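Protein chains in written order, with this note's numbering: chain A, 377 to 905; chain B, 7 to 161; chain C, 4 to 150. We put the CB at the ideal spot given by N, CA and C, even for glycine. Being a predicted model, the structure only gives us computed values, none of them experimental. First the structure, in the form of C-alpha cells, and then the observations on it.
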Amino acid sequence: MPKLVIDGREISVPEGTTILRAAERLGIEIPHLCYHPKLPPVGLCRLCLVEVEKNPKLQASCSTPVAEGMVIHTESERVLKARRGVLEFLMLNHPPDCTICDKAGECKPQEYVFQCGIAESRFIETKRVNPPQDFGDKLVFRVDRCILCQRCVQFCREIAGMEELGVFNRGGRSVIGTFRGKPVENKYSGNMIDICPTGAITSRDFRFKSRVWNLTMVPSICPRCSNGCNIFIEFKDNKILRIRPRDNEQVNQCWICDEGRFGHHFVNSLDRLTTPLIKNGGKLSPTSWEEALGRAAEGLGRVIANYGAESLGGIGSAWCTNEDDYVFQKFLREVVRTGNIDLGKIREEKDESYPGNDFLIQPEKAPNRRGAEEMGISPGEDCRDREGMFKEAAGGKIKAFLIIGSNPAKETGAREALAKVEFLVVQDLFLTDTAKQADVVLPAASYAEKEGSFTNFRGRVQWLNRALRPRGEARPDWKIICELANRMGGDFSYPGAQEILKEIAEKIPAYREVSLEKLRADGILISTK
Amino acid sequence: MEFSKETRKKFEQVLQRYPRKEAALLPTLYLAQEEFGYLSAEVVQYVAELMEIPAPRVYGVATFYTMFNKEPVGRYHIQVCSNVSCALRGVEQLVEYLKEKLKINVGETTPDKKFTLSTVECLGFCDNSPAMQINDDYYSDLTRDKIDEILEKLK
Amino acid sequence: MRLKDKRLNILEYFYIPPILKGMGITLRHFFSRKVTVQYPKVKKEIYPRFRGAHRLEKNEQGREKCVACELCATVCPSKAITIEAAESPDPEVEKYPLRYEINVLRCIFCGFCVEACPKEAIAMTDRYELADYSREALVYNKEMLLK
C-alpha cells in the first residue's frame with residue numbers, strides 16, 4: 377500500500393489507485409470532465425491536472441497511478457493556473473447558451489467556470505460550427521456544446537456494448553457522431569444524458585419541460601421490470617418530469633434502461649381513473665368512495681352468504697407493493713376465508729436478437745412478482761389457481777372476483793368467465809378491459825403515489841417513497857382493501873405502509889430481517905427458501 | 007461490394023503480419039482505397055464487417071487520416087505540398103497556376119474525372135521544394151514548365 | 004422617579020393663547036404652497052426608475068425576446084411568474100415561452116425579474132393603476148405583457 381501526501385494530508389491506498397481516486401478518499405474533489413468512475417480513464421480533458429513534486433510537468437490525476445512517497449498539490453498556484461487555462465480552452469467553441477440549455481444547473485463546466493471565476497473568454501474568433509446531427513428519438517445532440525470528452529463513446533463501447541458513436545475527423549475538426557446518421561438504438565442510451573458533462577446530449581422527453589433546480593427529487597424503485605433499479609423520481613407540480621438513476625452498487629450501479637427512464641408517462645396519463653365507478657343499469661358511472669366501497673362490500677358479502685367463501689376468487693398483482701399484496705391476501709384469507717388467490721399474468725419479453733449488452737433489463741415486466749408470491753399471493757391448499765378460477769367461473773362455481781392491478785380479460789377464456797360472474801370488483805389505475813366488465817371499479821394509486829416495498833427477482837427488498845399526490849381521488853391499494861375489509865367484518869387499522877411492513881417482518885420468516893431503515897438505504901437481500 | 011480475388015489474397019497476407027486483427031485496419035483501408043478508389047460509407051461498412059470492428063470506429067480511423075479519401079477523386083490525384091519550405095519557394099503561385107490550368111479549385115475534380123487537386127502537409131521534399139505528389143509518384147523542384155510537362159504526359 | 008407636573012402659568016391656564024397660536028399655524032399654511040396632488044384628476048410625475056406593471060420586450064422581428072430561461076421565475080421572491088417553455092416555431096430561436104404569466108396579485112414589484120433577465124426581455128413600465136374587477140384579469144398572460 378503506497379503512502380502519499382495530498383494537500384498536506386497523508387493517506388495510503390492500494391497499489392494501482394489513481395491520484396484522483398486517492399484524493400476522493402480524502403474528500404478532495406479534483407475537477408474532471410472526461411473521467412467517470414464506471415468508464416476506463418482516457419485522460420482527454422486535461423482538467424484534472426495536479427502537481428506532483430519532483431515532476432517537471434503537471435500530471436493528469438485521473439490516469440496517473442499513485443506511487444510511494446508522492447507529494448501532490450491539487451490547489452497550488454500552478455495547478456489553478458493550468459486549470460483555468462484548460463477550462464478556457466475547453467470553452468473556446470462552447471456556446472454561452474446556458475439560458476436555454478437543459479443541462480444548466482447540473483452542468484460540470486458551468487460549475488467549474490463559476491468556481492474559477494472566468495467571466496469572459498479571450499477568444500475573439502468565431503466559434504466552430506459543425507453540421508447538426510440526429511441521434512434518434514430519445515436523445516437530442518447539440519454538436520456545438522460538445523467538448524469531446526468521449527464519455528458517450530466510451531459508454532457505448534464499454535457499458536452498452538453497441539459501439540454506435542465514434543469520433544470523426546481530427547484535431548480542431550473532431551466531432552462526435554453516428555455512422556451514416558444511424559439513430560442511437562441501444563436500450564441504455566438515456567444514460568448518456570446523465571454522463572454527458574455538458575448539454576451536448578440532452579433528453580428529448582424532458583426537453584424544455586423544466587429547469588432542473590425546480591424539480592423535487594424523491595428516491596424510488598423503477599417498476600418497469602423485476603430488476604428493481606434504484607431511481608429518483610423528479611417532479612414539479614405533481615407531475616413526473618423525468619426519472620434518473622440512483623446509485624446502488626448491488627442492483628444497477630449508476631445506470632438505468634431507457635424503458636425505465638422514459639416509461640413514466642402512464643403516471644401522468646389523463647386516462648387514469650380519478651373517481652370510483654359503479655355499474656348502474658349496465659353502465660359505469662362515477663360515485664363517491666363511500667358508496668362504491670359500500671356496494672363492493674355488500675356485493676361480495678351477498679355472494680359469500682349465498683354460495684360460500686370458496687365461490688370468491690382473488691387476483692393479486694405483481695405491480696403492487698408487498699404491503700398491498702400482503703393486506704390483499706390477509707383480507708381474503710382472514711376475512712373472506714378463501715384460498716382462491718393467485719397472481720395476475722405477467723408479461724414476459726426477451727429480445728434474443730439484441731446485439732448489445734443487456735445488463736439490467738429482466739424479461740419479467742413487473743416489479744414485484746417474487747414479493748407478491750412471498751406475501752402469499754398463491755393458491756391455498758385445495759384451492760384454485762388463476763386458470764382454475766376462470767375455469768370454475770365459466771362453469772358457474774366461482775361467483776365473484778376481486779382483482780387488483782391486473783387485466784386478465786386479455787387472456788383466452790377469461791373474458792367469458794368474467795362475464796359470467798355475479799359480482800366483480802376491480803382496483804386499477806386505468807379503465808382496462810377487465811375494469812369495464814366490473815360492477816365496482818376502484819381507482820388505485822400508482823407506484824409514485826404511495827409508499828411500500830418491492831422485492832426484485834434476486835430477492836432484494838427495496839423501499840419506494842411517495843413522490844406525488846394520488847391522481848384525483850385514487851388511493852393506495854392497501855388502503856382500499858383495508859376499508860373494504862372493515863366493511864366486511866374485519867379490523868384492519870394500519871396507519872401506514874410502514875406498519876404493514878412491520879407486520880410482514882413479524883409474520884413472514886424470510887422477511888424477518890426487514891426494516892424500514894435498511895430498505896431505505898441499499899435494500900436488503902432476503903434469505904432464500 | 008466486395009474485394010476482388012486478388013485484393014482478398016492481399017488482405018489475408020496483411021492479416022498474417024499482425025498479432026491482432028484490429029491492428030490490420032490501416033493497411034486494409036489502404037487496400038480498400040486502392041480497390042474502390044475512395045472510402046465511401048459503403049466501403050467503410052464493408053471493411054467494418056470484414057474485420058469485425060464496429061463501423062463508427064472504422065469511420066473514425068478513416069476520417070482521422072487525411073490520406074484516405076472520403077470523396078471520389080480523379081484518376082490522377084495531385085497533392086501539392088503547402089508547408090513552409092515549399093511556400094517559401096512559391097508553391098502558392100504554382101497552385102494558382104494549376105487551378106487555372108485545370109479550371110478547378112483546390113479540393114475539386116475536373117469534369118472528365120481525370121484530375122483532383124488538393125493541398126497537403128509536408129511531403130518530406132524540403133530540400134527539393136516545391137514538391138507535389140501525383141498518386142504514388144513524387145515530383146520535386148517544380149516550375150510552371152515542369153508542371154506543364156508532367157500534366158502533358160498524363161493526358 | 005416621580006415626575007412633577009409643570010405648573011401652567013396664567014396665560015396657559017386659560018387656553019386661549021395656545022389656541023390662537025395653533026390657528027395661526029393653520030392660517031399660515033392656508034396661504035402657503037399646496038403639496039397635496041389632486042389624484043386622480045392630477046397625476047404625479049413618474050420617475051424613470053419607477054417599478055410599475057411589467058412588459059415583455061420584443062426583438063426586431065416583433066417576437067418576444069424572452070427565451071424562457073426561467074431565471075425571473077427562479078429569483079421571484081413571491082413566486083408570481085409561471086413559464087411554460089417549448090420549441091420555438093422560429094428556426095432562428097431554439098426555446099421560447101409558450102406560456103408566460105405574471106400574477107400581479109402576488110407580485111411585490113421588487114424588480115428582481117428585470118435584474119435577473121439575461122436577455123433584457125422584461126421591463127417595468129410606469130403603469131401603476133392595476134385595479135380590476137376579477138382575480139383572473141390580474142394574471143397577466145404573454146399577449147398582455149407583450150402589448
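**Report entry** Rounded separation between A93 (chain B) and K484 (chain A) - CA only
**Finding:** Counted from its first residue, the second sequence places residue 93 (chain B) at position 87. Counted from its first residue, the first sequence places residue 484 (chain A) at position 108. Approximately 44 Å between the Cα atoms of the pair.
Report task. State yes or no: is the beta carbon of I476 (chain A) nearer than 8 Å to at least one beta carbon in chain C? Result -> Stepping through the first sequence from its first residue, residue 476 (chain A) is reached at position 100. Yes, I476 (chain A) counts as interfacial toward chain C.
Report task. Starting from E561 (chain A), find everything on chain B with Cβ-Cβ shorter than 9 Å and list it in chain order. Result -> On the first sequence, residue 561 (chain A) is found 185 positions in, with the first residue counted as 1. Here the premise fails: no neighbours, minimum Cβ distance about 13 Å.
**Report entry** I535 (chain A) versus P60 (chain B) - alpha carbon distance
**Finding:** Taking the first sequence and counting its residues from 1, one reaches residue 535 (chain A) at position 159. Taking the second sequence and counting its residues from 1, one reaches residue 60 (chain B) at position 54. Going by C-alpha positions, I535 (chain A) is about 15 Å away from P60 (chain B).
Query - Short CB-CB distance (under 8 Å) between R587 (chain A) and chain C - result: As a working note, residue 587 (chain A) is residue 211 in the first sequence. Using a CB distance cut-off of 8 Å, R587 (chain A) counts as an interface residue toward chain C.
Report task. Measuring alpha carbon to alpha carbon, tell me which of A:V560, A:P559, A:H470 ends up nearest A576 (chain A). Result -> Here residue 576 (chain A) is taken as the residue at index 200 of the first sequence, counted from 1. A check of alpha carbon separations from A576 (chain A) across A:V560, A:P559, A:H470 identifies A:H470 as the nearest.
**Report entry** Proximity below 8 Å, CB of V79 (chain B) to CB of T125 (chain B)
**Finding:** Locating residue 79 (chain B) in the second sequence gives position 73, counting from the first residue. Locating residue 125 (chain B) in the second sequence gives position 119, counting from the first residue. It is not a contact, given that the beta carbons lie outside the stated cut-off.
Query raised in the report: Which residue spans inside the stretch 383-459 of chain A form an unbroken alpha helix (DSSP H) run of at least 4?
Result: Runs found: 395-401.
Query raised in the report: What number of angstroms, rounded off, separates the C-alpha of E849 (chain A) from the C-alpha of I753 (chain A)?
Result: Reading the first sequence from its first residue, position 473 is the one you call residue 849 (chain A). Reading the first sequence from its first residue, position 377 is the one you call residue 753 (chain A). Between the C-alpha atoms of E849 (chain A) and I753 (chain A) there is a straight-line separation of about 27 Å.
Report task. In angstroms with no decimal places, state the Cα-to-Cα distance between I654 (chain A) and K826 (chain A). Result -> By 1-based counting over the first sequence, the position of residue 654 (chain A) is 278. By 1-based counting over the first sequence, the position of residue 826 (chain A) is 450. Cα to Cα, the separation comes out at about 24 Å.
**Report entry** Bounding residues of the alpha helix (DSSP H) (the contiguous stretch that carries S88 (chain B))
**Finding:** Position 82 of the second sequence, counted from the start, is the residue given in the question as residue 88 (chain B). Note, S88 (chain B): premise wrong, no alpha helix (DSSP H); not H, not E.
Query raised in the report: Which partner residues of I597 (chain A) appear in the DSSP bridge assignment?
Result: Against the first sequence, residue 597 (chain A) aligns to sequence position 221. Looking at the DSSP assignment, I597 (chain A) forms a beta bridge with A:N606.
Query - Within chain A, the residues that K98 (chain C) reaches when beta carbons sit closer than 8 Å - result: The residue given as residue 98 (chain C) occupies position 95 in the third sequence. Correct list: I476, F584.
Query raised in the report: Who are the neighbours of R834 (chain A) on chain B, taking C-beta pairs under 8 Å?
Result: By 1-based counting over the first sequence, the position of residue 834 (chain A) is 458. Simply none; closest approach about 32 Å.
Query raised in the report: Between E740 (chain A) and T714 (chain A), which are expected to be in contact by the criterion C-beta below 8 Å, what is the C-beta distance as a whole number of angstroms?
Result: Here residue 740 (chain A) refers to the residue found at position 364 when the first sequence is read from its first residue. Here residue 714 (chain A) refers to the residue found at position 338 when the first sequence is read from its first residue. Contact between E740 (chain A) and T714 (chain A) does not hold, since their C-beta atoms are separated by about 27 Å, which reaches or exceeds 8 Å.
Requested in this report: Below 7 Å CB to CB, which residues in the same chain sit around R54 (chain C) once its five sequence neighbours on both sides are set aside?
Outcome: In the third sequence, the residue the question calls residue 54 (chain C) occupies position 51. Correct list, in chain order: F112, G114, M127.
Requested in this report: Tell me, to the nearest whole angstrom, how far the beta carbon of V442 (chain A) is from that of A398 (chain A); I am working on the premise that it is less than 8 Å.
Outcome: Along the first sequence, read from residue 1 onward, the residue named residue 442 (chain A) stands at position 66. Along the first sequence, read from residue 1 onward, the residue named residue 398 (chain A) stands at position 22. With 8 Å as the limit, V442 (chain A) and A398 (chain A) qualify as a contact, their Cβ atoms being about 5 Å apart.
Requested in this report: Return the residue from the list B:S46, B:A47, B:E48, B:V53 that minimises the CA-CA distance to P33 (chain B).
Outcome: The residue labelled residue 33 (chain B) in the question sits at position 27 within the second sequence. When only C-alpha atoms are compared, the closest one is B:V53.
Report task. Kindly list, in the order they appear in chain B, the residues whose Cβ is closer than 9 Å to that of R546 (chain A). Result -> What you label residue 546 (chain A) is simply residue 170 of the first sequence in a count that begins at 1. What R546 (chain A) touches in chain B, judged by beta-carbon distance under 9 Å, is T69, F70, Y71, T72, going in chain order.
Report task. Identify every residue that forms a DSSP beta bridge with F868 (chain A). Result -> Numbered from 1 along the first sequence, position 492 holds the residue referred to as residue 868 (chain A). F868 (chain A) is not bridged to any residue.
**Report entry** When A:L805, A:C492, A:C598 are compared against R847 (chain A), the one with the closest alpha-carbon
**Finding:** As a working mapping, residue 847 (chain A) is identified with position 471 in the first sequence. Comparing Cα positions, the closest option is A:L805.
**Report entry** Beta-bridge partners of Y143 (chain C), as assigned by DSSP
**Finding:** For the purposes of this step, residue 143 (chain C) is identified with residue 140 of the third sequence, where counting begins at 1. According to DSSP, which records beta bridges pairwise, Y143 (chain C) is partnered with C:I105.
Query raised in the report: Which first and last residues belong to the beta strand (DSSP E) in which A89 (chain C) is found?
Result: The count along the third sequence starts at 1 and reaches residue 89 (chain C) at position 86. Counting along the chain, the beta strand (DSSP E) containing A89 (chain C) begins and ends at 84-90.
Query raised in the report: Looking at C-alpha atoms only, which residue of C:T29, C:F34, C:K7, C:T85 is the closest neighbour of R109 (chain C)?
Result: The sequence position of residue 109 (chain C) within the third sequence is 106, counting from 1. For R109 (chain C), the nearest C-alpha among the options comes from C:T85.
Query raised in the report: Cα separation between D133 (chain B) and Q51 (chain B)?
Result: The count along the second sequence starts at 1 and reaches residue 133 (chain B) at position 127. The count along the second sequence starts at 1 and reaches residue 51 (chain B) at position 45. D133 (chain B) and Q51 (chain B) have their alpha carbons spaced roughly 41 Å apart.
Report task. Note down, in chain order, all residues in the stretch 95-121 of chain C with a beta-carbon under 8 Å from any beta-carbon belonging to chain A. Result -> Only E97, K98, P121 from the stretch 95-121 of chain C bring a Cβ to less than 8 Å from some Cβ of chain A.
Query - Contacts around A56 (chain C), its chain only, beta-carbon distance under 8 Å, and the 5 residues preceding and following it disregarded - result: Here residue 56 (chain C) corresponds to residue number 53 of the third sequence, with the count starting at 1. Here the set comprises V107, M127, T128, R130, Y131, L133, Y143.
Report task. Anything in chain B within Cβ reach of V543 (chain A), meaning under 7 Å, just list it in chain order. Result -> Here residue 543 (chain A) corresponds to residue number 167 of the first sequence, with the count starting at 1. The contact set of V543 (chain A) on chain B, defined by CB atoms closer than 7 Å, consists of G66 in chain order.
**Report entry** Proximity of L793 (chain A) and A814 (chain A) at Cβ, strictly below 8 Å
**Finding:** Counted from its first residue, the first sequence places residue 793 (chain A) at position 417. Counted from its first residue, the first sequence places residue 814 (chain A) at position 438. Here residue 793 (chain A) is Ala; the residue named in the question, Leu, does not match the sequence. With contacts defined by Cβ atoms closer than 8 Å, A793 (chain A) and A814 (chain A) do not form a contacting pair.
Requested in this report: Work out the CA separation of F555 (chain A) and E102 (chain B) for me, nearest whole Å.
Outcome: One-based indexing of the second sequence puts residue 102 (chain B) at position 96. One-based indexing of the first sequence puts residue 555 (chain A) at position 179. One Cα belongs to E102 (chain B), the other to F555 (chain A), and the distance between them is close to 36 Å.
Query raised in the report: Near D510 (chain A), what residues of its chain come up, given a Cβ to Cβ distance below 7 Å and the 5 sequence neighbours on each side ignored?
Result: In the first sequence, counting from the first residue as 1, residue 510 (chain A) sits at position 134. Closer than 7 Å at Cβ, skipping near neighbours: G557, P559.
Query raised in the report: Is it buried or exposed for E405 (chain A), if we count other Cβ within 10 angstroms and need 16 for buried?
Result: In the first sequence, the residue the question calls residue 405 (chain A) occupies position 29. Answer is exposed; the Cβ neighbour count stays below 16.
Query raised in the report: What is the DSSP secondary structure of S661 (chain A), counted as helix, strand or coil?
Result: The sequence position of residue 661 (chain A) within the first sequence is 285, counting from 1. Correct three-state label for S661 (chain A): strand.
Query - 6 Å CB neighbourhood of R907 (chain A) in its chain, flanking five on each side removed - result: In the structure as shown, chain A starts at 377 and stops at 905, and residue 907 (chain A) therefore has no counterpart that could be examined.
Query raised in the report: Between I140 (chain B) and the rest of its own chain, which residues show a CB-CB distance below 8 Å, the 5 nearest in sequence each way excluded?
Result: Position 134 of the second sequence, counting from 1, holds the residue named residue 140 (chain B). Cβ within range, chain order: Y82, H83, I84, Q85, I156, L160.
Query raised in the report: Below 8 Å between beta carbons: does that hold for N682 (chain A) and Q838 (chain A)?
Result: On the first sequence, position 306 is the one that residue 682 (chain A) refers to. On the first sequence, position 462 is the one that residue 838 (chain A) refers to. The beta carbons of N682 (chain A) and Q838 (chain A) sit no closer together than 8 Å.
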